[in-house]
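Q: Sequential numbering of the sequence shown, starting at 485, is according to the working numbering.
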Amino acid sequence: MHLNRAQAENVLADTGAYYISGSGLVRIIEKAGGGVAVELVNEQTLRTLLSASINWERKGRDNLWLRCDPPQSIVKALLFGQDRDHLKLLNGIARQPYFGDDGTLIAQPVYDPGTGVYGVFDPSDYRGLENASREDAEHAVNYLDHLLDEFEFETDADRSAALSAIITAVVRPSLSVAPAFNITATTSGSGKSYLADVITLFAGPDEPYRVSYPSGADEAGKLIVTVLNEKPAAVIFDDMQTNWKPFGAINRMLTSPTTTERMLGTNRSATVPTRALFLATGNNTEPERDLRRRVVTIRLAPRHETPALRSFHGDPVADMRNHRAMAVACVLTIISAFRAAGEPMAAVRPIGTYDEWSRLCRQPLIWMGLPDPAQSLIDQVSHDPDRQALAALLDVWFNLFGSKSVTVRQIIAKAEENSALMEALEDLPVMDGRHINRGKLGWFISKNRGRRADQLRIEAGDSSERRSWKIVA
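Below is the structure:
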């Protein structure tokens, strides 16, 4: 059987449309409205293809060979088997030229085995991008900046962050990981969704994948694997009604090249590449806890009392649809000029996990004289309310107990007679109404063991009889 399976697999690979992705066998298809999509191959589709592409025969009576359908064992082996001889791994789709593992610009629409990325674009739209000059880059920045003229940003750093989101959209297939972007404002009608539409058109000409932000950890995992199975260029969490909740699947999709989650409707898990641009829109939304270092915030601040009623002078979405290749070429020109200049790195605070993103989507803009587009992310990490609340607890705890080992029960007893300690605990997720939940407090202390806040940290206590904790300066 293994020889027949290998030969059948070779036939699939030769079509150039069939690949292996995290959840199994997939194929690249042309969408009715233009563009391409990736879909999981089901048993009936595979059986039909194998029947049309290969002459299958079996021995009948009198040892005569008779035509037959593909054996079920071969179909199952191709769909669910782990051994692959010919089919290649598909990590993503590039709708424009992208950078290979060695940093070279791949300007031909081919499959690149180094990155596992499949290119779908017209190469004639992207000629002469190598060795651009700083003057070329200045013209490119001016063109991109013009597309943002209709939007009223809170600060110049927010405008720079929007430009960085545009660059990220173009080069996302080249990046193993990248931060997400949170587009927020104080009121409706500020242009949040419109800005998201402009940015996502740089990722690809297709409509972005629009979904609601998941309401729980289990839903988040199933949503992410379902969405990423289709290899979309961009995903928008549209009109968010809550902050970015740090569900595990959301954290993983922003810091790992792949994520393994349970598939919807099955007990199987799938490992999917995360090479897609993620954005969200919402009023007064912000990332929480671990996501504060994974999300760049772009703030809009309309200067009208009723921004939804203001008139616009241009139509950047229409401009993008009509001249997308030129706009994308502007992004690649900026990066090309930056690289031709020797990639001069500004002395800015590093962002762990996103070094690759910083080199392509942050440093070129700073080199062009623009504010640091990652400033909002840095501010979010520096002014983390969760860390500030922890620091308030540790400060009061240390003032009351010093470095003495105490139990959770002793902390609760002290809080009932000390208002400062009670107030510090009330700002933490340890309360049941007006009362401290001993289990929640114990879990919180254990979870934050070793985490430093204002030069203090929690460590295990010295008591051998009961679980105790102490503050170490």
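For every residue, glycine included, the Cβ atom is placed at its ideal position computed from N, Cα and C.
Quick test of your reading: residue 800 and residue 634, contact by CB under 8 Å. State the CB separation rounded to the nearest angstrom.
A: Walking along the sequence shown from the start, residue 800 turns up at place 316. Walking along the sequence shown from the start, residue 634 turns up at place 150. With a Cβ gap of about 6 Å, residue 800 and residue 634 count as contacting.
Q: Roughly how many angstroms separate the alpha carbons of residue 560 and residue 527, rounded to a whole number?
A: As a first step, residue 560 is located in the sequence shown; it is residue number 76 there, counting from the start. As a first step, residue 527 is located in the sequence shown; it is residue number 43 there, counting from the start. About 8 Å.
Q: Whole angstroms is fine: what's the gap from residue 662's alpha carbon to residue 838's?
A: Numbered from its first residue, the sequence shown carries residue 662 at position 178. Numbered from its first residue, the sequence shown carries residue 838 at position 354. When rounded, the distance between both Cα atoms is 6 Å.
Q: Taking the beta strand (DSSP E) that residue 640 belongs to, which residues open and close that run?
A: Sequence index remark: in the sequence shown, residue 640 carries index 156 (1-based). Note, residue 640: premise wrong, no beta strand (DSSP E); alpha helix (DSSP H) at 640-655.
Q: Does the separation of the CB atoms of residue 521 and residue 714 fall below 8 Å?
A: For the purposes of this step, residue 521 is taken as the residue at position 37 of the sequence shown. For the purposes of this step, residue 714 is taken as the residue at position 230 of the sequence shown. Yes, the pair counts as a contact, with Cβ atoms nearer than the cut-off.
Q: For residue 513, does the count of other Cβ atoms within 10 angstroms reach 16, so buried, or fall short, so exposed?
A: Here the question's residue 513 lines up with position 29 in the sequence shown. Exposed, because fewer than 16 other Cβ atoms sit within 10 Å of the Cβ of residue 513.
Q: Touching or not, the stretch 664-681 and the stretch 695-711, by the rule of three or more beta carbon pairs under 8 Å?
A: Counting Cβ pairs under 8 Å, fewer than three are found: no touch.
Q: Rounded to whole angstroms, what is the Cα-Cα separation between residue 567 and residue 862?
A: Your numbering for residue 567 matches position 83 in the sequence shown. Your numbering for residue 862 matches position 378 in the sequence shown. Between residue 567 and residue 862, the C-alpha separation is close to 44 Å.
Q: Compare the C-alpha of residue 802 against each of 854, 682, 889 and name the closest.
A: What you label residue 802 is simply residue 318 of the sequence shown in a count that begins at 1. Of the candidates 854, 682, 889, the one whose C-alpha sits nearest the C-alpha of residue 802 is 682.
Q: When you compare only the Cα positions, how much space is there between residue 664 and residue 832?
A: Here residue 664 refers to the residue found at position 180 of the sequence shown. Here residue 832 refers to the residue found at position 348 of the sequence shown. Approximately 20 Å, taken between the alpha carbons.
Q: Got a sec: is the Cβ-Cβ distance from residue 696 to anything in chain C below 8 Å?
A: No chain C appears in the structure shown, which is made up of a single protein chain.
Q: Helix or strand or just coil, what does DSSP make of residue 915?
A: As a working note, residue 915 is residue 431 in the sequence shown. In this structure, residue 915 counts as strand in the three-state DSSP scheme.
Q: Return the first residue and the last residue of the alpha helix (DSSP H) that residue 618 is part of.
A: The residue labelled residue 618 in the question sits at position 134 within the sequence shown. Unbroken alpha helix (DSSP H) run through residue 618: 618-631.
Q: Provide the residue(s) that pair with residue 745 in DSSP beta bridges, ordered along the chain.
A: Position 261 of the sequence shown, counted from the start, is the residue given in the question as residue 745. Partner(s): 754.
Q: For residue 794, which residues from the same chain have a beta carbon less than 6 Å from its beta carbon, with the 5 sequence-adjacent residues on both sides left out?
A: Counting from one through the sequence shown, the residue named residue 794 turns up at place 310. Excluding residues within five positions, the ones whose Cβ falls inside 6 Å are 788.
Q: Is the distance from the Cβ of residue 780 to the Cβ of residue 641 below 8 Å?
A: The residue given as residue 780 occupies position 296 in the sequence shown. The residue given as residue 641 occupies position 157 in the sequence shown. Not a contact, by the Cβ cut-off of 8 Å.
Q: Using DSSP bridges, identify the partner residues of residue 505.
A: The residue you call residue 505 lines up with position 21 of the sequence shown. DSSP lists 508 as partners of residue 505.
Q: So, using beta-carbon positions, are residue 680 and residue 720 closer together than 8 Å?
A: The sequence position of residue 680 within the sequence shown is 196, counting from 1. The sequence position of residue 720 within the sequence shown is 236, counting from 1. Yes; because the gap between Cβ atoms is below 8 Å, this pair is in contact.
Q: According to DSSP, simplified to helix, strand and coil, what is residue 765?
A: Residue mapping note: residue 765 aligns to position 281 of the sequence shown, counting from 1. Three-state result, residue 765: strand.
Q: If residue 769 and residue 727 are in contact, beta carbons under 8 Å, what's the gap, nearest whole angstrom?
A: Here residue 769 is taken as the residue at index 285 of the sequence shown, counted from 1. Here residue 727 is taken as the residue at index 243 of the sequence shown, counted from 1. Contact holds; Cβ gap of about 6 Å.
Q: Determine the extent of the alpha helix (DSSP H) in which residue 724 is found, giving its start and end residues.
A: In the sequence shown, the residue the question calls residue 724 occupies position 240. Element bounds for residue 724: not the alpha helix (DSSP H) but the beta strand (DSSP E), 718-724.
Q: Buried or exposed: which applies to residue 621, given that a residue is buried once 16 or more other Cβ atoms fall within 10 Å of its Cβ?
A: On the sequence shown, residue 621 is found 137 positions in, with the first residue counted as 1. It counts as buried.
Q: Contact defined as beta carbons within less than 8 Å: I believe residue 811 pairs with residue 631. What is the distance between those atoms, to the nearest angstrom?
A: As a first step, residue 811 must be located in the sequence shown, where it is residue number 327. As a first step, residue 631 must be located in the sequence shown, where it is residue number 147. Contact holds; Cβ gap of about 7 Å.
Q: What are the boundary residues of the alpha helix (DSSP H) that includes residue 739?
A: Within the sequence shown, the letter at position 255 stands for residue 739. Looking at the DSSP string, the run of the alpha helix (DSSP H) that includes residue 739 is 732-739.
Q: Is it right to say residue 731 is buried, meaning 16 or more other beta carbons lie within 10 angstroms of its own, or is it exposed?
A: As a first step, residue 731 must be located in the sequence shown, where it is residue number 247. The residue is buried, with at least 16 neighbouring Cβ atoms inside 10 Å.
Q: With respect to the alpha helix (DSSP H) encompassing residue 851, which residues constitute its N-terminal and C-terminal limits?
A: Taking the sequence shown and counting its residues from 1, one reaches residue 851 at position 367. Unbroken alpha helix (DSSP H) run through residue 851: 847-851.
Q: Just mark residue 957 as buried or exposed, buried being the case when its beta carbon has 16 or more other beta carbons within 10 Å.
A: Counting from 1 along the sequence shown, the entry for residue 957 is found at position 473. Classification for residue 957: exposed.
Q: Alpha carbon to alpha carbon, what distance is there between residue 744 and residue 947?
A: Locating residue 947 in the sequence shown gives position 463, where the first residue counts as 1. Locating residue 744 in the sequence shown gives position 260, where the first residue counts as 1. Answer to the nearest angstrom: the Cα atoms are 40 Å apart.
Q: Looking at C-beta atoms only, is the number of pairs between the stretch 870-880 and the stretch 900-909 that lie closer than 8 Å three or more?
A: Flag = yes, the stretch 870-880 and the stretch 900-909 touch.
Q: Rounded to the nearest angstrom, what separates residue 828 and residue 765 at their Cα positions?
A: Here residue 828 is taken as the residue at index 344 of the sequence shown, counted from 1. Here residue 765 is taken as the residue at index 281 of the sequence shown, counted from 1. Residue 828 and residue 765: Cα-Cα distance of roughly 33 Å.
Q: According to the Cβ coordinates, are residue 824 and residue 616 closer than 8 Å?
A: Numbered from its first residue, the sequence shown carries residue 824 at position 340. Numbered from its first residue, the sequence shown carries residue 616 at position 132. Yes, the Cβ-Cβ distance between residue 824 and residue 616 is below 8 Å.
Q: So what does residue 944 bridge to, in DSSP terms?
A: Walking along the sequence shown from the start, residue 944 turns up at place 460. DSSP output for residue 944 lists 953 as bridge partner(s).
Q: Rounded to whole angstroms, what is the Cα-Cα separation between residue 736 and residue 590?
A: Within the sequence shown, numbered from 1, the residue matching residue 736 stands at position 252. Within the sequence shown, numbered from 1, the residue matching residue 590 stands at position 106. Computed Cα separation, rounded: 28 Å.
Q: Below 8 Å on the Cβ atoms is my guess for residue 925 versus residue 873; work out the distance and round it to an integer in Å.
A: Here residue 925 corresponds to residue number 441 of the sequence shown, with the count starting at 1. Here residue 873 corresponds to residue number 389 of the sequence shown, with the count starting at 1. That pair is no contact at about 13 Å.
Q: Find the nearest neighbour of residue 774 within the set 856, 836, 945, 783, judged by alpha-carbon distance.
A: Position 290 of the sequence shown, counting from 1, holds the residue named residue 774. Nearest C-alpha to residue 774: 836.
Q: Going straight from the alpha carbon of residue 655 to that of residue 763, what length do you get?
A: By 1-based counting over the sequence shown, the position of residue 655 is 171. By 1-based counting over the sequence shown, the position of residue 763 is 279. The straight-line gap from Cα to Cα measures roughly 15 Å.
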